[in-house]
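To start, the structure itself, in structure tokens.
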Amino acid sequence: MAKKTMTLIDNRTGKEYEYPILEGTRGPAAVDMRSFYKESGIFSYDPGFTSTASCRSQITFINGEKGELRYRGIPIEELATGHSYLEVCHLLLEGELPTEDELTAFDLELRHRSFLPEGLVKLFEMMPDSAHPMSALSAGVTALSSFYYEHLKLESDADYREMAHRIIAKMPTLAAFAYRHSIGATYIYPDIDRSFTENFLYMLRAYPGGKMHRDPDGHRKIKPIEVAALDTIFTLHADHEQNASTTVVRSVASTGAHPYVAISSGIAALWGRAHGGANESVIEQLKMIGNVENVDKFIARAKDPNDPFRLMGFGHRVYKNFDPRARILKTLQDQLREELDLDSELMRIAQRIEEIALNDEYFIQRKLYPNIDFYSGIILTALGLPRSMFTPIFVIGRTVGWIAQWIEFRKDPEAKIARPRQLYVGK
Ligand code: ACO
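The numbering used here applies: residue 14 is where the sequence shown begins, and numbers increase by one.
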């Protein structure tokens, strides 16, 4: 039988170094190079970690070439169409989908934990009205660490669970309060008679006293199709293995800091336009393009190597065929378009960009496809959600993934403080 090792030869000296190859259950194997520097005095150079596995994980699997995504082994298509976001949260945290009783207990617990400590609400008052909800959200999550400081030391599984459920339950409330402060509106407290996802829409949209906006023909309720669409968006964002923000969360975890501070750092990392901030940028860009006739001009700019302009919502570090989440959202977008009778210039521009880019050599050669943010921005706009809340909505969905990864890291006997090395080229 062939040896499961890889030999590296330093061609300057002819010296050989042999390393074990670790097999995963799915996806590429990894060369275990932990002792490489100690043995050779050489670092490996991999900016952006394009070829580096930083951990063993059992949570999420991606095959970028096949456009495959699984949470705990279950394909995303099955989860997005057949299960609720709360079921997916249970799956990510516990490794199994919940039974009916487990789901009821989990749902009720999250409803009851959805309130914020009243002192924390004052934090929003200190922010200028113009504060982007992402900065208020990140600050709010950091502040939570002082209200629940005891989570610094987690001993039993029950402790881990309480910490995880608390942050998942409070994130929509923090996001909704951050938004209401940014528009100078009264805070709407959670309504425990509403589901996780409906409650979030309620806190964004309601008037004091639990009233909803009235149309001339009566009450305008939160439509079930809106709740279902947002629930699917949360599921599609729930985890994505070792992406930039999750890597930040794990790195902060590696120093022994409080879990909520690690999540807050993840929020900061997600905010950037190259990551979760792209959904907001997609809409800004579609507005800038203005109408369908201008699309060709902007496609030409995206292709021009001397122009820094990039098509927001296109391209992905891992998906080089298609983004399976984008496919699900494309179907959802078409369904919403029909059922809510939506049509807008933005949707027409988006459709034109998609048509051109999918048939253009530049995009085909570089394997650039619409990613999740391309469609989520369009769907959230269609649902009437404010643009500044697109990335906070990503945060709400991703919180469970970050927490599951944080817990996995803290329980991993091989985990070490994150401390990359460098190739020094200075004086
Ligand atoms: N528009 C035009 N050209 C692009 C785009 C784009 N959106 N994305 C990549 N390219 C080009 C690059 O210019 C480069 O071309 P070159 O080979 O001629 O130099 C080539 O494609 C490879 O690009 P890289 O930046 O090396 O690819 P990388 O994997 O490092 O980047 C990223 C991935 C950051 C997502 C990039 O595609 C991008 O900036 N996309 C736009 C922002 C976006 O939509 N982000 C959301 C990602 S999904 C998420 O985080 C949830």
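Quick reminder that beta carbons are idealized off the backbone N, C-alpha and C, glycines included.
Residue i: first and last residue of the uninterrupted alpha helix (DSSP H) it sits in
i    : result
D120 : E113 to H125
T344 : P337 to E352
T11  : The displayed coordinates of the chain run from 14 to 440. Any statement about residue 11 would go beyond what the structure contains.
I430 : Note, I430: premise wrong, no alpha helix (DSSP H); not H, not E.
T259 : A257 to A266
With 16 other Cβ atoms within 10 Å as the buried cut-off, status of residue i
i    : result
A42  : exposed
Q71  : exposed
D172 : exposed
M402 : buried
M176 : buried
A433 : It should be pointed out that residue 433 corresponds to Pro in this sequence rather than to Ala. So P433 counts as exposed.
M216 : buried
F247 : buried
K135 : exposed
T412 : buried
D244 : buried
N292 : buried
Contact check, residue i vs residue j, beta carbons under 9 Å
i    : j    : result
I385 : L393 : no
Q255 : F62  : yes
I34  : K51  : no
G77  : K429 : no
D317 : I369 : no
R85  : T94  : no
V154 : L106 : no
Y200 : H194 : yes
One or two residues paired with residue i in a DSSP bridge
i    : result
E28  : Just to set this straight, residue 28 is Lys in the shown sequence, not Glu. Its beta-bridge partners are D23.
F327 : P383
K16  : DSSP, once it has assigned bridges, lists no residue as partnering K16.
L35  : A43
I75  : L82
K224 : Y220
Start-to-end residues for the beta strand (DSSP E) that takes in residue i
i   : result
T65 : That residue, T65, is in no beta strand (DSSP E); it is neither H nor E in DSSP.
Y84 : E81 to Y84
Check: residue i C-beta below 8 Å from any heavy atom of the ligand ACO
i    : result
D386 : yes
R340 : no
F160 : no
A287 : yes
V101 : no
G80  : no
G326 : yes
G61  : yes
A315 : yes
V261 : no
A93  : no
A291 : yes
L381 : yes
T295 : Here residue 295 is Val; the residue named in the question, Thr, does not match the sequence. Checking every heavy atom of the ligand ACO against the Cβ of V295, one is found closer than 8 Å.
N256 : yes
P405 : no
P337 : no
R365 : no
R330 : yes
R400 : no
Beta carbon proximity, residue i to chain C, threshold 9 Å
i    : result
L167 : Among the chains of the structure shown, chain C does not appear; only one protein chain is present.
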